[in-house]
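Notes follow the structure.
Residue numbers (the numbering used here), protein chains in the order written: chain A, 195 to 467; chain B, 195 to 467.
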């Protein structure tokens with residue numbers, strides 16, 4: 195029976211609406227793929243970390259879509275959270291998703307506390323004031339300004355790249371091999387940037403039905419994008435170069451278990467949605 | 195020199211604007227006061243936990259003040275974050291404050307990882323979908339509805355009480371004495387509710403200059419408050435009863451170190467701002 199003061203499960207429902215839905219789950223895939231070359235983490239814990247990062251990513255999409263931000267009313271093939279549930283609830287839903295991300299890591303049964311703290315530190319650092327949030331701020335501030343490629347690289351690396359790098363590194367929790375970590379960090383930086391450039395390309399060349407989100411958002415908000423500065427051909431070639439270079443850098447590891455990361459790096463740059 | 199794409203320190207500045215300012219720091223005080231009866235935690239770590247909770251509390255104030263929520267333009271004696279920095283930046287600032295709360299706990303140098311996870315679990319649980327966020331949702335949903343006292347108690351316990359209870363329990367991190375913890379948990383629940391009832395009383399009887407925040411917010415948003423349902427006299431007496439009962443429950447501990455908690459419980463109920 196619904197309580198007179200409102201539905202106690204409303205926030206859980208709105209969290210599920212945006213997170214358990216049609217999503218590529220790229221960040222989750224990266225964590226699992228990275229974890230394949232780490233003998234010191236249980237598969238169940240990779241899924242915990244994948245869940246945490248997808249919750250963070252979903253919170254960021256809900257907040258980015260708000261009218262005061264990018265004002266997008268369509269996401270993951272359906273109405274954005276604020277269209278469906280109202281603006282206040284969308285903000286609260288994002289807030290609760292962020293808290294839940296840390297809670298699910300605390301509740302993992304196979305990571306030890308040192309590993310959990312390592313993971314929480316990676317995520318909170320990647321998504322906060324020196325990472326994703328700063329990138330989103332700079333992105334909004336850049337509206338109607340003419341940016342050069344260096345500025346755009348910086349924004350993309352912060353708003354999108356940091357959480358993707360972080361996903362690669364989360365697969366390496368409890369691995370003390372610094373050489374592997376260094377190579378994977380650089381791999382993560384490259385595919386992070388490639389991912390966002392490909393997003394630009396798709397926004398310019400695909401349609402709302404295929405993408406499941408508005409494909410005129412950057413244009414509407416008068417944002418500087420890779421395509422606007424370099425043209426479509428250059429942007430494609432930059433994304434492919436980054437993906438190729440990321441894949442090449444894995445050669446040094448001489449491990450067949452990198453195959454899933456290689457497939458993901460290709461997908462990130464050559465995907466069609 | 196300011197970068198062309200915007201100020202990389204902007205988000206840090208807006209975080210500081212709302213958090214390093216005129217605040218009662220009640221939650222921080224509660225953590226330190228509770229920690230006085232816990233021999234197993236270093237004072238520096240109490241300050242870490244106090245910082246984390248004040249960052250969470252500040253993020254919640256910034257988001258609660260937004261136009262789509264309580265729409266309050268004055269907070270802590272100055273313009274609310276969204277008035278000062280715009281709505282998008284206020285949302286982002288709150289998001290970054292939440293992330294930073296977890297990050298500062300990870301960076302503490304005296305707690306071990308088990309203790310840190312215990313703290314992060316307490317906080318993420320208290321502020322998320324089953325705690326503060328749910329309370330804020332129910333609070334907004336309750337606008338223009340006539341609630342009974344049971345409903346109001348529930349909303350107050352969630353939106354305000356949970357983080358105050360959590361603050362009491364954070365002072366007990368690394369303490370394995372379940373008897374002490376049980377008593378303090380009940381103490382925390384009582385002062386949490388007393389705190390919010392006193393907030394109602396002050397909003398009705400004080401002024402904006404004294405409070406440092408709008409004192410017509412509940413009226414404007416047509417919210418059911420204690421005073422609206424029970425009248426001012428009853429509300430005061432309920433707050434004092436809760437505070438008295440909380441203090442009384444500490445007797446069983448027979449510890450002089452509870453003195454700071456007793457003073458805080460009195461202050462919470464008898465404060466004038």
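We put the CB at the ideal spot given by N, CA and C, even for glycine.
Rounded straight-line distance, which links the Cα of residue j to that of residue i
i: residue 390 of chain A; j: residue 361 of chain B; result: 40 Å
i: residue 426 of chain A; j: residue 420 of chain A; result: 8 Å
i: residue 285 of chain A; j: residue 456 of chain B; result: 36 Å
i: residue 346 of chain A; j: residue 218 of chain B; result: 41 Å
i: residue 386 of chain B; j: residue 365 of chain A; result: 40 Å
i: residue 324 of chain A; j: residue 289 of chain B; result: 12 Å
i: residue 212 of chain A; j: residue 277 of chain A; result: 12 Å
i: residue 259 of chain B; j: residue 422 of chain B; result: 22 Å
i: residue 395 of chain B; j: residue 330 of chain A; result: 40 Å
i: residue 295 of chain A; j: residue 315 of chain B; result: 11 Å
i: residue 432 of chain B; j: residue 311 of chain A; result: 41 Å
i: residue 460 of chain B; j: residue 321 of chain B; result: 25 Å
i: residue 339 of chain A; j: residue 282 of chain B; result: 18 Å
i: residue 392 of chain A; j: residue 229 of chain B; result: 51 Å
i: residue 317 of chain A; j: residue 428 of chain B; result: 47 Å
i: residue 214 of chain B; j: residue 363 of chain A; result: 33 Å
i: residue 451 of chain A; j: residue 350 of chain B; result: 52 Å
i: residue 221 of chain A; j: residue 467 of chain A; result: 15 Å
i: residue 375 of chain A; j: residue 356 of chain A; result: 15 Å
i: residue 203 of chain A; j: residue 337 of chain B; result: 18 Å
Residue from the options whose Cα sits closest to the Cα of residue i
i: residue 415 of chain A; options: A:378, A:452 and A:397; result: A:397
i: residue 437 of chain A; options: A:458, A:359, A:207 and A:309; result: A:458
i: residue 404 of chain B; options: B:345, B:433, B:352 and B:465; result: B:465
i: residue 418 of chain B; options: B:228, B:454 and B:332; result: B:332
i: residue 406 of chain A; options: A:234, A:210 and A:273; result: A:273
i: residue 434 of chain B; options: B:401, B:467 and B:384; result: B:384
i: residue 309 of chain A; options: A:410, A:243, A:400 and A:431; result: A:243
i: residue 226 of chain B; options: B:240, B:440, B:292 and B:369; result: B:240
i: residue 275 of chain A; options: A:256, A:261, A:263 and A:265; result: A:256
i: residue 382 of chain A; options: A:429, A:439, A:338 and A:245; result: A:439
i: residue 263 of chain B; options: A:401, A:410, A:287 and A:254; result: A:287
i: residue 313 of chain B; options: A:235, A:299, A:428 and A:353; result: A:299
i: residue 266 of chain B; options: B:238, B:350 and B:413; result: B:413
i: residue 304 of chain B; options: B:236, B:399 and B:206; result: B:236
i: residue 380 of chain A; options: A:446, A:216 and A:292; result: A:446
i: residue 307 of chain B; options: B:441, B:388, B:409 and B:368; result: B:368
i: residue 293 of chain A; options: B:208, B:247 and B:282; result: B:247
i: residue 319 of chain B; options: B:358, B:279 and B:443; result: B:358
i: residue 216 of chain B; options: B:233, B:271 and B:204; result: B:271
i: residue 342 of chain A; options: A:424, A:399 and A:371; result: A:424
Chain B contact for residue i (CB, 9 Å cutoff)
i: residue 449 of chain A; result: no
i: residue 319 of chain A; result: yes
i: residue 310 of chain A; result: yes
i: residue 459 of chain A; result: no
i: residue 372 of chain A; result: no
i: residue 248 of chain A; result: no
i: residue 288 of chain A; result: yes
i: residue 335 of chain A; result: yes
i: residue 197 of chain A; result: In this prediction, residue 197 of chain A scores a pLDDT of 46, lower than 50, which makes its location untrustworthy; the coordinate-derived value is nonetheless stated afterwards. For residue 197 of chain A, the answer is yes, since a Cβ of chain B falls inside 9 Å of its Cβ.
i: residue 453 of chain A; result: no
i: residue 338 of chain A; result: no
i: residue 273 of chain A; result: no
i: residue 257 of chain A; result: yes
i: residue 293 of chain A; result: yes
Partners in chain A for residue i, counting only beta-carbon separations shorter than 7 Å
i: residue 260 of chain B; result: 285
Neighbouring residues, chain B, relative to residue i (Cβ below 7 Å)
i: residue 314 of chain A; result: 296, 300 and 314
Amino acids of chain A, ordered along the chain, whose beta-carbon sits closer than 8 Å to that of residue i
i: residue 205 of chain B; result: 323, 327, 328 and 331
i: residue 200 of chain B; result: 331, 332, 335 and 336
C-beta neighbour in chain A for residue i, strict 9 Å
i: residue 403 of chain B; result: no
i: residue 406 of chain B; result: no
i: residue 253 of chain B; result: yes
i: residue 409 of chain B; result: no
i: residue 281 of chain B; result: yes
i: residue 437 of chain B; result: no
Chain-ordered chain B contacts of residue i [CB-CB under 9 Å]
i: residue 307 of chain A; result: 306, 307, 308, 309, 310, 311 and 312
Beta-carbon neighbours of residue i, restricted to chain A and to distances below 9 Å
i: residue 425 of chain B; result: The premise fails here: residue 425 of chain B is roughly 21 Å from chain A at the closest Cβ pair, so nothing lies under 9 Å.
If the cut-off is 8 Å on Cβ atoms, which residues from the stretch 210-238 of chain A count as contacting chain B, listed in chain order? Going along the stretch 210-238 of chain A in chain order, one finds no residue with a Cβ nearer than 8 Å to chain B.
For the stretch 362-396 of chain A, enumerate the residues whose C-beta is nearer than 7 Å to any C-beta of chain B, in chain order. Listed by position along the chain: nothing, the set is empty.
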